[in-house]
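Chemist: Could you have a look at this structure, given as structure tokens, before my questions?
Residue numbers (the UniProt record's numbering): 1 to 116.
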């Protein structure tokens with residue numbers, strides 16, 4: 001699948017589709033990032049290689065680059081990232097809870113085995 005040929009709506013759908021393999025989702029997101037970087041480079045007069053190599057020209061500071069990225073990114077895409085960050089934080093918390101419960105159960109199992 002050529003991610004660069006997908007429409008914006010198709011990319012958004014692919015990025016949010018839980019049934020797609022993670023590899024495909026990452027490819028779609030990377031493709032969109034490249035498109036956004038190229039669009040910013042074309043609109044600001046910077047070369048795309050300067051953006052990719054993280055060596056912006058003197059006229060383009062890091063804050064300006066971030067602002068332009070946010071301004072050029074559709075609100076629905078930004079909202080999706082906010083929701084994804086919230087989901088990631090929730091999953092991290094749940095993972096820590098599962099790890100703690102696992103260690104507790106492992107300790108209980110060791111105690112039971114020592115009793116026998």
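Each residue gets a CB set at the ideal place from its N, CA and C atoms; glycine is no exception.
Small disclaimer: the values here were computed from a predicted structure and weren't measured.
1) Distance check for residue 92 and residue 8, CA to CA, integer angstroms please.
2) Throw me the rounded Cβ distance for the residue 14 and residue 28 pair, which I believe falls under 8 Å.
3) Helix, strand or coil: how does DSSP classify residue 7 here?
4) For the candidate residues 88, 1, 5, whose alpha-carbon lies nearest to that of residue 23?
5) Does DSSP put residue 19 in a helix, in a strand, or in coil?
6) Is the separation between the beta-carbon of residue 3 and that of residue 31 shorter than 8 Å?
7) For residue 6, which residues in the same chain have their Cβ closer than 8 Å to its Cβ, ignoring the five residues on either side in sequence?
8) Taking all protein chains shown into account, decide if residue 41 is buried (16 or more other Cβ within 10 angstroms of its Cβ) or exposed.
9) From residue 85 to residue 103, what does the alpha carbon distance come to, in whole angstroms?
10) Nearest CA to the CA of residue 16: which residue from 106, 80, 89?
11) Can you give me the C-alpha to C-alpha distance between residue 11 and residue 101, rounded to a whole angstrom?
12) Mapping the DSSP letters down to three states, classify residue 87 as helix, strand or coil.
Modeler: In this structure, then:
1) As a first step, residue 8 must be located in the chain shown, where it is residue number 8. As a first step, residue 92 must be located in the chain shown, where it is residue number 92. Cα-Cα distance, rounded: 30 Å.
2) Taking the first residue of the chain shown as 1, we reach residue 14 at position 14. Taking the first residue of the chain shown as 1, we reach residue 28 at position 28. Confirmed, Cβ separation roughly 5 Å.
3) Here residue 7 refers to the residue found at position 7 of the chain shown. Correct three-state label for residue 7: coil.
4) Counted from its first residue, the chain shown places residue 23 at position 23. Looking at the Cα atoms, 1 is the closest of the given residues.
5) Walking along the chain shown from the start, residue 19 turns up at place 19. It is coil, neither helix nor strand.
6) Sequence index remark: in the chain shown, residue 3 carries index 3 (1-based). Sequence index remark: in the chain shown, residue 31 carries index 31 (1-based). Yes, these two residues count as a Cβ contact at 8 Å.
7) Against the chain shown, residue 6 aligns to sequence position 6. These residues qualify, in order along the chain: 14, 28, 31.
8) Numbered from its first residue, the chain shown carries residue 41 at position 41. Burial call: buried.
9) Working through the chain shown from its first residue, we reach residue 85 at position 85. Working through the chain shown from its first residue, we reach residue 103 at position 103. Their Cα atoms are separated by approximately 27 Å.
10) In the chain shown, the residue the question calls residue 16 occupies position 16. Nearest of 106, 80, 89 to residue 16, Cα basis: 80.
11) Indexing the chain shown from 1 puts residue 11 at position 11. Indexing the chain shown from 1 puts residue 101 at position 101. Looking at the two C-alpha atoms, the distance is approximately 38 Å.
12) Against the chain shown, residue 87 aligns to sequence position 87. The answer is helix: DSSP assigns residue 87 an H, G or I state.
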